[in-house]
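Each residue of the sequence shown is one higher than the one before, starting from 1 at the first, in full-length UniProt numbering.
Don't be surprised by glycine CBs; every beta carbon is placed ideally from N, CA and C.
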Amino acid sequence: MTGHIAIIGTGSGAFAAAIKAVDEGARVTIIEGSDVIGGTCVNVGCVPSKIMIRGAHIAHLQSQHAFEGIALNQPGINRVAMVKQQQARVEALRHAKYESILESNPGINLLRGWARFENRNTLIVTRADGSEKPVTADRILIASGARPAIPDIQGLKDTPYWTSTEALVAEQLPEHLVVIGASVVALELAQAFLRLGSKVTILARSVFLSKEDPAVGEGLVKVFEEEGARVLLHTLPDSVTHDGKQFILATEAGEVHGDRLLVATGRQANTGQLNLDKAGIATHSNGAIIVDNHMRTSVEHIYAAGDCTDQPQYVYVAAAAGTRAAINMTGGDASLDLTAMPAVVFTEPAVATAGLTEQQASDQGIETESRTLDLENVPRALANFDTRGFIKLVTDKNSGRLIGAQILAADAGEIIQTAVLAIRNNMTVAGLAGQLFPYLTMVEGLKLCAQTFSKDVNALSCCAG
């Protein structure tokens, strides 16, 4: 089963699907209405944000570090130069990972324009000149991505607020940045601007990273406040105004003023203009497309992948979903298992998680046993003079099997995949504790935390196995 596959979108999920479908013998039309291809990650998401965060990290080390004998210096920040370098890398990666693939793969045809459903097998693509082209396909993949979700706050829509898209390419640093939001994007960018020299105030509807283990958010609040941020938990503005120079946010804690406002309160699926009802495609109330673990929608031959669905909004999830959707659209059978999905928040210290929290396990009726290891017990953290954070492991109490990991630590993102592999392979904490880990690495903290289920690690010698 091959035939013609139409794909809406050109992000990671779309391209992963297109490449795999062509490999399986299908003819692919990929449809994009934006001026550039590549989707969120390479253009306005992961890539530019991590470049900005890395630059802010370098600036922070110049002015604040723990090593005696090395002079502290106030960094000179040239934001214009930073953005120029950042966007050059964005363009290079977009060409290498997207544009060059189109150039070298004749089986993928790019059609410019905005797609909408006419019926279950036909899309209407509206081009820039207003003309319309019907596209009929044997199977269709929706990979239209998502956009920043804007909360319904009185007056907000009439102000020149930023989303992450504008913030990442801003060539002038705010004097005082106010951030509405306390999830991944909000916290990553808030800390970056703080370290580049802006005063920062964060308004959180509830707590930091509310879906994670409470200790994670509590630890990050402490870090942000120590670095100079003002954090207002359980606070949302009743109204927002702009007087031409300043934003004024009315809150229960009083007025909050800033010269720039970043709204980072999540992302919303790009499905509103697709006429999904004409194809009978089911969605949640927020517009996210409902899919099963084979990426099938409520319509047998229509699939969806990435941020436009109800799956977690991570680029690697989108790519994995796109590949599996292509396999299924070309006669194969592939499912996506997210039970041990890793997730990383690129703050410093970083947050990395996999599997279940204690609460999530309890909600599933699993009796748990957990241990938390403060980083004062991790030799590499001591050598780095940075013991902020912890490693927490969650087990099924009956079997001892590792079912979750939550980490707040420098390089947490480099640690978590070891926990993912342990969870995926049904490893017990005793089994994890018995593995060889290289000394003076942060990942050794996983072994040490696993050992705390049966030992007092304070009583162990260096590198004790």
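Simplified DSSP assignment, three categories, for residue i
{"i": "Asn377", "result": "helix"}
{"i": "Glu255", "result": "strand"}
{"i": "His294", "result": "coil"}
{"i": "Thr40", "result": "helix"}
{"i": "Val178", "result": "strand"}
{"i": "Ile70", "result": "coil"}
{"i": "Ile77", "result": "coil"}
{"i": "Ala115", "result": "strand"}
{"i": "Pro48", "result": "helix"}
{"i": "Thr281", "result": "A small correction: the amino acid at residue 281 is Ile; Thr does not occupy that position in the sequence shown. It is coil, neither helix nor strand."}
{"i": "Val125", "result": "strand"}
{"i": "Leu448", "result": "helix"}
{"i": "Leu339", "result": "Per the sequence shown, residue 339 should be read as Thr rather than Leu. Coil, per DSSP."}
{"i": "Thr309", "result": "strand"}
Cβ pair residue i, residue j closer than 7 Å
{"i": "Ala190", "j": "Val178", "result": "no"}
{"i": "Gly55", "j": "Gly11", "result": "no"}
{"i": "Ala14", "j": "Ile7", "result": "yes"}
{"i": "Thr353", "j": "Ala361", "result": "no"}
{"i": "Ala21", "j": "Ala326", "result": "yes"}
{"i": "Leu373", "j": "Cys462", "result": "no"}
{"i": "Leu233", "j": "Val240", "result": "no"}
{"i": "Val216", "j": "Val351", "result": "yes"}
{"i": "Asp213", "j": "Thr357", "result": "yes"}
{"i": "Ile140", "j": "Ile302", "result": "yes"}
{"i": "Arg401", "j": "Asn426", "result": "yes"}
{"i": "Ile108", "j": "Ala18", "result": "yes"}
{"i": "Ile77", "j": "Gly197", "result": "yes"}
{"i": "Leu173", "j": "Arg79", "result": "yes"}
{"i": "Arg371", "j": "Thr441", "result": "no"}
{"i": "Pro438", "j": "Arg388", "result": "no"}
{"i": "Val42", "j": "Arg94", "result": "yes"}
{"i": "Leu187", "j": "Thr395", "result": "no"}
{"i": "Val420", "j": "Ala340", "result": "yes"}
{"i": "Gly355", "j": "Gly434", "result": "no"}
{"i": "Ala147", "j": "Asn328", "result": "Strictly speaking, residue 147 in this sequence is Arg, with Ala absent from that position. Against a cut-off of 7 Å, the Cβ pair of Asn328 and Arg147 comes out as no contact."}
Option nearest residue i by Cα separation, candidates the options
{"i": "Val263", "options": "Asp292, Pro151, Thr251, Tyr316", "result": "Pro151"}
{"i": "Val28", "options": "Gly145, Gly76, Asp213, Thr136", "result": "Thr136"}
{"i": "Ser34", "options": "Ile140, Gly145, Leu203", "result": "Gly145"}
{"i": "Phe67", "options": "Gly431, Asp129, Gly404, Asp386", "result": "Asp386"}
{"i": "Cys308", "options": "Thr283, Ala204, Val216, Ser131", "result": "Thr283"}
{"i": "Ala167", "options": "Ile53, Val443, Ala321", "result": "Ile53"}
{"i": "Val291", "options": "Arg116, Ile142, Ser100", "result": "Ile142"}
{"i": "Gln406", "options": "Met442, Pro342, Gln85, Tyr439", "result": "Pro342"}
{"i": "Ala182", "options": "Glu175, Lys211, Glu103, Gly322", "result": "Lys211"}
{"i": "Val443", "options": "Leu408, Gln74, Lys222, Val207", "result": "Leu408"}
{"i": "Val44", "options": "Thr163, Leu102, Leu446", "result": "Thr163"}
{"i": "Gly25", "options": "Ile403, Gly9, Thr2, Arg89", "result": "Thr2"}
{"i": "Pro106", "options": "Leu61, Gln87, Ile30, Ile153", "result": "Ile30"}
{"i": "Glu252", "options": "Asp238, Arg260, Leu261, Gln246", "result": "Asp238"}
{"i": "Gln86", "options": "Leu203, Gly445, Glu171", "result": "Glu171"}
{"i": "His60", "options": "Thr165, Gln246, Gly228, Val90", "result": "Gly228"}
Which residues DSSP lists as bridging residue i, in chain order
{"i": "Ser370", "result": "Val394"}
{"i": "Ala304", "result": "Ile142"}
{"i": "Ile30", "result": "Ile7, Leu110"}
{"i": "Gln154", "result": "Ser239"}
{"i": "Thr357", "result": "Paired residue(s): none; Thr357 is not in a bridge."}
{"i": "Ala405", "result": "Ala354, Leu393"}
{"i": "Val345", "result": "Val351"}
{"i": "Leu382", "result": "In DSSP, Leu382 forms no bridge with anything."}
{"i": "Thr165", "result": "Partner(s): none; Thr165 has no beta bridge."}
{"i": "Leu203", "result": "Ile180, Leu232"}
{"i": "Asn147", "result": "Per the sequence shown, the amino acid found at residue 147 is Arg instead of Asn. The partner list for Arg147 (beta bridge, DSSP) reads Gln268."}
{"i": "Ile248", "result": "Thr241, His257"}
{"i": "Thr136", "result": "Thr122"}
{"i": "Val263", "result": "Ile180"}
{"i": "Thr428", "result": "Arg401"}
Residue environment, residue i, which counts as buried when at least 16 other CB atoms sit within 10 Å
{"i": "Asn377", "result": "buried"}
{"i": "Thr201", "result": "buried"}
{"i": "Met454", "result": "Inspection of the sequence shows that residue 454 is occupied by Ser rather than by Met. Exposed: under 16 other Cβ atoms inside 10 Å."}
{"i": "Thr235", "result": "buried"}
{"i": "Leu338", "result": "exposed"}
{"i": "Arg324", "result": "buried"}
{"i": "Ser335", "result": "exposed"}
{"i": "Pro48", "result": "buried"}
{"i": "Ile58", "result": "exposed"}
{"i": "Ser100", "result": "exposed"}
{"i": "Ile70", "result": "exposed"}
{"i": "Asp243", "result": "exposed"}
{"i": "Ser131", "result": "exposed"}
{"i": "Gly113", "result": "buried"}
Residue-chain proximity (residue i, chain D), Cβ-Cβ < 7 Å
{"i": "Ile423", "result": "Looking at the structure shown, chain D is missing, and only one protein chain is on hand."}
Residue i CB to nearest heavy atom of the ligand FMN below 6 Å
{"i": "Glu376", "result": "The ligand FMN is absent from the structure shown, which contains no ligand whatsoever."}
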